[in-house]
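The structure appears right after this line, and notes come after that.
Numbering (the numbering used here), first residue to last: 159 to 367.
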């Protein structure tokens, strides 16, 4: 049996996985989950008023020369929160900020953003720097929510890691305990239509009334 990645008698928080030097597949395997990187066919709902997106981008370009974006909090305020707030205005969903989860001594901490609708939920982790290390943290947060949520619904859990300028999505098949990281990334604000459509598509599929 291979040696565990975890130290005995240590309580791990989500942020510890950001600094853990192990690849995602090894961390996932510790929890009994498999992992792959693939092109994910993410749900999309593109029924969006173009004026909403235009206003979002215009506001960003107006503010970015005037604001120092040198911290995680600054990026959340300027690049991430406005996108999430705008999505929230377009559908019936709730947005939890700094959502606390405590499953056990290896799955505990605070999730930056948790979107929840009648259909699905999205775990969103915002990081200042490394998208890959941030993904390790996101993956563990998604496992924690898998343990936390009703085991029968929903079938899939979605996640997103963002450093402000770049977004990457993931999906967890709860029955198979299999996490897939989308091979694609999306830029902000250049790909705002895609980011918006994916977030809306997860929370409110087009087939919904």
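Yeah, the Cβ is synthetic: ideal placement off N, Cα and C, and Gly gets one too.
Residue i and residue j closer than 8 Å at C-beta
i: residue 312; j: residue 278; result: yes
i: residue 253; j: residue 300; result: no
i: residue 230; j: residue 285; result: yes
i: residue 175; j: residue 295; result: yes
i: residue 315; j: residue 245; result: no
i: residue 152; j: residue 201; result: The chain is shown from 159 up to 367; residue 152 falls before or after that span and cannot be answered.
i: residue 226; j: residue 361; result: no
i: residue 172; j: residue 188; result: no
i: residue 350; j: residue 198; result: no
i: residue 339; j: residue 273; result: no
Alpha carbon of residue i to alpha carbon of residue j, nearest angstrom
i: residue 228; j: residue 319; result: 18 Å
i: residue 335; j: residue 291; result: 21 Å
i: residue 298; j: residue 195; result: 16 Å
i: residue 170; j: residue 327; result: 24 Å
i: residue 167; j: residue 281; result: 28 Å
i: residue 257; j: residue 183; result: 25 Å
i: residue 251; j: residue 243; result: 11 Å
i: residue 368; j: residue 271; result: The chain is shown from 159 up to 367; residue 368 falls before or after that span and cannot be answered.
i: residue 267; j: residue 260; result: 6 Å
i: residue 264; j: residue 249; result: 34 Å
i: residue 323; j: residue 262; result: 33 Å
i: residue 224; j: residue 348; result: 20 Å
DSSP three-state assignment for residue i, whether helix, strand or coil
i: residue 193; result: strand
i: residue 332; result: coil
i: residue 321; result: coil
i: residue 281; result: strand
i: residue 254; result: strand
i: residue 221; result: helix
i: residue 169; result: coil
i: residue 339; result: strand
i: residue 199; result: coil
Closest by C-alpha distance to residue i, when choosing among the options
i: residue 321; options: 166, 183, 169 and 234; result: 234
i: residue 332; options: 162, 323, 308 and 223; result: 308
i: residue 190; options: 162, 208, 206 and 209; result: 162
i: residue 363; options: 203, 179 and 178; result: 203
i: residue 287; options: 221, 206, 232 and 208; result: 232
Cβ neighbours of residue i in the same chain (closer than 8 Å, five flanking residues each side left out)
i: residue 353; result: 241, 325, 344 and 346
i: residue 186; result: 192, 193, 297, 301 and 337
i: residue 217; result: 240
Sequence-distant residues of its chain with Cβ nearer than 7 Å to residue i (five each side left out)
i: residue 211; result: 350, 351 and 354
i: residue 181; result: none
i: residue 342; result: 197
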